[in-house]
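Engineer: Let me begin by handing over the structure; questions about it come next.
Number of protein chains: 2
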Amino acid sequence: MARTNLLYAQSGGVTAVINATAAAVIAAARERDDAVGTLFAARNGILGVLGEDLIDTAVLGAEEVDALAHMPGGAFGSCRFDLDPPERNPAQYDRLFAVFAAHGIGGFLYNGGNGSMDAVAKLSAAARARGYPLACVGVPKTVDNDLEGTDCSPGFGSAAKYAAVAMLEAGIDVASMASRSGRVFVLEVMGRNAGWIAAATALAAQTADEPPHIILMPEIPFDEDAFLAAVDATVKRLGYCAVTVSEGIRRANGTLVMEQDHDRKGHVQLGGAGQCIARLIHARLGHKHHWAIPDYLQRAAGHLVSAVDHAHASAVGRAAVEAAIAGRDCVMPAIRRLSDEPYRWDLEFADAAAIANLERRVPAHFIRADGLHVTDAARRYLRPLIEGEVYPAFARGVPDYRRLKLPAVPRKLASYVP
Amino acid sequence: MARTNLLYAQSGGVTAVINATAAAVIAAARERDDAVGTLFAARNGILGVLGEDLIDTAVLGAEEVDALAHMPGGAFGSCRFDLDPPERNPAQYDRLFAVFAAHGIGGFLYNGGNGSMDAVAKLSAAARARGYPLACVGVPKTVDNDLEGTDCSPGFGSAAKYAAVAMLEAGIDVASMASRSGRVFVLEVMGRNAGWIAAATALAAQTADEPPHIILMPEIPFDEDAFLAAVDATVKRLGYCAVTVSEGIRRANGTLVMEQDHDRKGHVQLGGAGQCIARLIHARLGHKHHWAIPDYLQRAAGHLVSAVDHAHASAVGRAAVEAAIAGRDCVMPAIRRLSDEPYRWDLEFADAAAIANLERRVPAHFIRADGLHVTDAARRYLRPLIEGEVYPAFARGVPDYRRLKLPAVPRKLASYVP
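Residue numbers (UniProt numbering), protein chains in the order written: chain C, 1 to 418; chain U, 1 to 418.
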C-alpha cells in the first residue's frame with residue numbers, strides 16, 4: 001500500500017475536547033504508519049493551509065500527545081473563515097491544491113461544525129473537478145450540538161456538563177441565601193439559534209423544585225408576561241428562582257432579547273440576554289437579581305470534561321484517519337446512539353455535503369408544552385452525554401496544560417496573496 | 001465538666017467550603033461529647049436565632065456530615081443582617097439571649113466575614129453586660145479574603161483557584177482563535193473593595209506573555225488611557241489580550257467603572273465592570289471582545305475546591321469548637337503562615353472585636369508599579385492557597401450533593417415580632 005500524507009486542521013469555535021480529537025488523529029496515524037507518511041496539522045484551520053503554515057505532528061512526543069488529549073482550546077489554532085464558492089474564486093482553490101500537492105497531501109481532515117462541513121463539501125467537489133486524489137473527511141465538533149447527521153456533536157457533552165454543574169452549584173448558593181424580597185439568579189449560556197446547552201442545565205435538578213426552574217431556549221419566542229408569571233410563582237413557592245437562558249433568545253417579532261451592541265461592521269455581539277432577563281425581573285417584580293455569563297469558560301473547561309464526550313471526540317478522530325486511509329471522501333464520522341440507559345453507541349458515516357450549513361435545533365418533543373422547560377425525553381437524551389469525569393493532571397493548583405512547541409515546516413511555495 | 005449546648009450559624013455570602021467548616025464543627029462537637037451536649041445550627045444565620053428557627057445537628061448521620069464537607073452553599077442557610085447597636089435596640093438582644101437561655105446555649109459560633117465579627121463583638125459585650133455566660137466565637141469565612149487578623153480567609157483559596165483556572169482555560173481558548181483584528185477577553189471577578197480574587201488569576205500564567213496580561217484591582221484607580229495603551233501593546237505583541245477585572249474598580253474621582261444600575265432602594269448593583277471594560281476596548285481599539293462573569297459560580301464551585309482552603313476551613317471549625325468549650329470569648333481562630341514554600345501553617349486566635357468591620361485590601365507591595373498586574377511577592381503569597389484538589393463524588397454526570405433534611409426543633413418561645 002502506498003503511503004500518503006494527511007493534513008488535519010481545527011475550525012470554528014473550539015471546545016474542551018477538540019484536542020482529544022486531535023490527539024486521537026495523531027495516535028491513529030502513528031499506528032497506521034503502513035498507510036500514513038506524515039501527518040501535518042495546519043495552523044489556524046484553513047487559513048494555515050492557504051498560508052502554507054503547516055506543522056509536522058511528528059514533533060510531538062508520545063507523552064505530549066497524551067497530554068494534548070486533556071487540553072482545552074485548539075492546540076493548532078482555529079479560525080472562522082468560509083471558503084469562497086469555487087466558481088467565484090478559483091485562485092483560492094488553486095492555492096489550496098498547490099499546498100496539498102507540494103506536501104503530498106492525500107487526505108484532509110477538517111475538525112469543525114456546520115461551516116466546516118461546507119468547506120469539506122466544497123474541497124471534495126473541487127478535488128474531483130480537478131482530478132486531485134483527495135479524501136476529504138469532516139470531523140464533527142461543536143459545543144452547540146447543532147450538527148445534523150450525528151446523534152450528538154463532540155464538544156457538546158462537556159459544555160453541557162459544565163452548564164449543568166454551574167446551575168447545580170449556583171442554585172445551591174442562591175437557595176442558601178435568605179431574602180425577604182426573593183432572589184433571582186440567571187445563567188446565560190451559549191446558543192445563538194439552538195438551546196441545547198440551556199436544555200442540559202435541566203440535568204442539575206432531581207425534582208421540579210430544584211434549579212433551574214425555568215429554561216429559555218431560542219426555539220421558543222420569548223413571552224415576557226408568561227415568563228414573569230412563572231418567575232413570580234416560583235419565588236412565591238420557594239423564595240427564589242433560577243433561570244437558564246440561551247444567549248440567542250428572541251421575541252415573537254424576531255428581535256433578540258439581549259441588548260444589541262453592534263460592532264463596527266454592524267455584526268450583533270451577543271452576550272447580554274442574561275443581563276436583560278435579570279434586569280427585567282428586577283424592574284417588574286423587584287427581586288434581588290444576579291446573573292452569570294460563563295462565556296468561553298463553558299467551552300474551555302478542561303477541568304470538567306464529560307468522559308462520554310471525551311470518548312466520542314477520540315473516536316471520531318480515529319475513525320476520520322481510517323476513513324481517509326480508506327479513501328472515503330466527503331464523509332463525516334457520526335455518533336449513533338444504540339440505547340439511552342445503559343448508554344450504548346457506535347460510529348457511522350454521514351455524508352458531509354448533506355450536513356453542511358444545516359442547523360439542528362432542539363425538537364418540539366424535548367420542550368415542555370409551556371415552552372419554559374424541557375421534557376423527560378430531553379433528559380433521557382441529554383443525561384448520558386454528560387456522564388463520567390475526565391480530570392486533567394494539576395500542578396501548583398491549576399491544570400498542568402502543556403505549552404507545546406509547534407514549529408512550522410519549511411515552506412515550499414511562494415507566499416499567498418489572496 | 002458540665003456539658004453545654006453550642007449554636008452554630010452561617011452568615012454573609014457563602015463559599016465553596018463554608019460547609020466544610022460546618023462539618024468540622026459538627027465532627028468536633030461529637031468528639032467532645034464530654035463537654036458539648038447538643039450542637040444546634042440556626043437557619044439563615046442570626047435571623048434563625050431571632051426567629052428561634054434551630055436545627056439539632058444530631059439529625060445528620062455520620063455519612064451526611066462527611067458529605068456536607070464537600071457541598072457548596074450554606075447548608076443551614078445564610079443571611080445578610082446586621083445586629084443593631086445594643087443601646088439602640090435592647091429588645092433585639094433580649095430576644096437573642098432568651099433564645100440562648102431557652103436552649104441552654106453556652107457557646108455561639110458565627111461563621112462569617114467582617115460583619116459577622118461585628119456581631120460576635122456585639123453579642124460578646126452584651127452577654128458580659130447581662131452576666132450571661134456565653135463563649136462567642138467568630139469563625140472566619142469570605143471569598144473576598146478581606147479579613148484582618150488572619151493570613152487568609154477560608155473560602156478565598158477556592159474562589160482564587162476557580163478564578164485562576166477560569167483565566168487559564170479561557171485564555172487558552174482565546175489564544176487559539178486566530179483573528180486579524182485582535183481579540184480581547186475580559187474576566188470579571190468578585191471584589192468590591194479588594195482585588196484579591198483578581199490578583200489570584202495571575203497564577204494562571206507561567207510567563208509574562210500568558211493570560212492574564214492585565215489585572216485591574218479596586219486598590220488602583222482606573223486609568224483609562226494607561227489601560228488601553230497596555231491592551232494595545234499586548235494585542236500588537238501577541239494578537240490577543242486577556243484582562244481580569246474586579247467588579248468594584250473605580251476611577252480616580254471615586255465613581256465605579258461599571259454601568260450603574262440602581263435598585264429600588266438606590267443600592268448600586270454591581271456586576272457590569274467586565275462588560276464596560278470590554279466595550280471600552282472595542283469602542284476605542286476595535287478588537288473583537290468577549291467577557292465572562294462567573295458571579296456565584298466562583299464562590300459555589302464545589303467541584304474545584306482548593307485542598308489547602310478546605311483544610312483551613314475544617315481547621316477553623318474544629319478550633320472554634322475547642323475555643324467555645326474552653327470558654328474563650330470574642331475570639332476568632334485565624335490562619336498563621338509559617339512559610340511560603342513549602343507551605344506550612346498553623347492556627348492562632350485573634351480578637352474578633354479588633355477585626356470587626358475592618359477590610360484588608362491588597363497591599364501596595366503586591367501590586368506592580370504600573371498598577372496593572374501583581375508582583376512576585378503576591379504570587380508567593382497566593383500560590384499555596386489554591387494548591388491541591390478536593391473532588392466531590394459525582395453521580396449521573398454532576399456532583400452528588402446531598403439534599404439534607406433539616407427539621408426545626410420545637411420552639412420554646414413565643415414568635416418574635418421585631
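Glycine included, every Cβ here is placed at the ideal spot set by N, Cα and C.
Note that the structure is a prediction, hence the values are computed from the model and not measured.
1. With distance defined between alpha-carbon atoms, name the residue in C:L47, C:G104, C:V120 and C:A164 nearest to U:R396.
2. Taking the continuous beta strand (DSSP E) assigned at U:R337, which residues delimit it?
3. Against U:S306, what residues of chain C qualify as contacts under a CB-to-CB distance less than 9 Å, listed in chain order?
4. Going along the segment 273-294 of chain U in order, which residues come within less than 8 Å of chain C, judged by CB to CB distance?
5. Using the beta-carbon count (16 or more within 10 Å), is U:A70 buried or exposed?
6. Nearest to C:P407 by CA position, among C:N5, C:R30 and C:E52, is which residue?
7. Kindly indicate if chain U contains any beta-carbon less than 8 Å away from that of C:P86.
8. Is C:I215 near C:T244, with beta carbons less than 8 Å apart?
9. With 9 Å as the limit, tell me which residues of the segment 48-80 of chain C have their beta carbon closer than that to any beta carbon of chain U; keep them in chain order.
10. My output table needs one value for C:M258: the three-state DSSP class, helix, strand or coil.
11. Could you check whether the Cβ of U:S246 sits closer than 8 Å to any Cβ belonging to chain C?
12. From what residue to what residue does the alpha helix (DSSP H) around C:G272 run?
13. Measuring only between beta-carbons, confirm whether U:D261 sits less than 8 Å from chain C.
14. Which residues, taken in chain order from the segment 201-215 of chain U, show a beta carbon closer than 9 Å to some beta carbon of chain C?
15. Is U:V14 close to chain C, meaning its C-beta is less than 8 Å from at least one C-beta of that chain?
16. So is U:K141 in contact with chain C if we call contact Cβ pairs under 8 Å?
17. Please state whether DSSP places U:Q298 in a helix, a strand or coil.
18. How should residue 422 of chain U be labelled, buried or exposed, when 16 other C-beta atoms within 10 angstroms of its C-beta is the threshold for buried?
19. Flag this pair as yes or no: are the beta carbons of U:H287 and U:S181 separated by less than 8 Å?
20. Please list the residues of the segment 385-414 of chain C that have a C-beta atom closer than 9 Å to any C-beta atom in chain U, keeping them in chain order.
21. Given 8 Å as the limit, is there contact between the segment 302-315 of chain U and the segment 120-137 of chain U, that is, 3 or more CB pairs closer than that?
22. Count the other CB atoms, across all protein chains shown, that sit within 10 Å of the CB of C:H365; report buried if there are 16 or more and exposed otherwise.
23. If you measure from the beta carbon of U:E348 to each beta carbon in chain C, is any gap under 8 Å?
24. Following the continuous beta strand (DSSP E) through U:Q92, name the residue where it begins and the one where it ends.
25. Taking its Cβ as the centre, do 16 or more other Cβ atoms sit within 10 Å of U:T255, making it buried, or is it exposed?
26. Please report whether the beta-carbon of U:S11 lies at a distance below 8 Å from any beta-carbon of chain C.
27. Locate the alpha helix (DSSP H) running through U:A160, then write down its first and last residues.
28. Using the rule of at least 16 other Cβ atoms within 10 Å of the residue's Cβ for burial, across every protein chain shown, is U:T201 buried or exposed?
29. Going along the chain, which residues of the segment 157-177 of chain C sit with their C-beta nearer than 8 Å to a C-beta in chain U?
30. When DSSP labels each residue in this structure, what does U:F40 get in the three-state scheme?
31. Leaving out five residues on either side along the sequence, give the residues of the same chain with a beta carbon under 6 Å from the beta carbon of residue 459 of chain U.
32. Between C:K265 and U:I293, what straight-line distance do the alpha-carbon atoms span, to the nearest angstrom?
33. Contact check, U:D66 vs U:S158 under 8 Å by CB: the rounded distance?
34. Put C:Y240 into one of helix, strand or coil per three-state DSSP.
35. According to the neighbour-count rule (16 or more other Cβ atoms, all chains shown, within 10 Å of its Cβ), is C:K412 buried or exposed?
36. So, do the segment 77-86 of chain U and the segment 166-181 of chain C have three or more beta carbon pairs nearer to each other than 8 Å?
Structural biologist: Walking through what the data contain:
1. C:A164
2. V331 to S339
3. G397
4. Q275, R279, H282, G286, K288, H289, H290, W291, A292, I293 and P294
5. Looking at the sequence itself, residue 70 of chain U is His, so the reference to Ala does not match. That one is buried.
6. C:E52
7. no
8. yes
9. G48, M71, P72, G73, G74, A75, F76, G77, S78, C79 and R80
10. coil
11. no
12. Here C:G272 belongs to no alpha helix (DSSP H), and DSSP marks it neither H nor E.
13. Below a pLDDT of 50, predicted positions are generally treated as unreliable, and U:D261, at 49, falls in that range; the measurement from the model is reported next regardless. By this cut-off, U:D261 is an interface position.
14. L203, A204, Q206, T207 and E210
15. yes
16. no
17. helix
18. Chain U is shown from 1 up to 418; residue 422 of chain U falls before or after that span and cannot be answered.
19. yes
20. L385, I386, E387, G388, E389, Y391, F394, R396, G397, V398, P399, Y401 and R403
21. no
22. exposed
23. no
24. Counting along the chain, U:Q92 falls outside any beta strand (DSSP E), though it belongs to the alpha helix (DSSP H) covering P90 to A102.
25. exposed
26. no
27. F156 to A175
28. buried
29. K161, A164, V165, A166, L168, E169, A170, I172, D173, V174, A175, S176 and M177
30. strand
31. Outside the displayed span of chain U (1 to 418) sits residue 459 of chain U, for which this structure offers no information.
32. Confidence at C:K265 is low in this model, with a pLDDT of 48, below 50, so its placement is unreliable and the value that follows should be read with caution. Cα to Cα, C:K265 sits roughly 25 Å from U:I293.
33. In fact, because the Cβ distance is near 18 Å, the residues do not count as touching under 8 Å.
34. strand
35. exposed
36. yes
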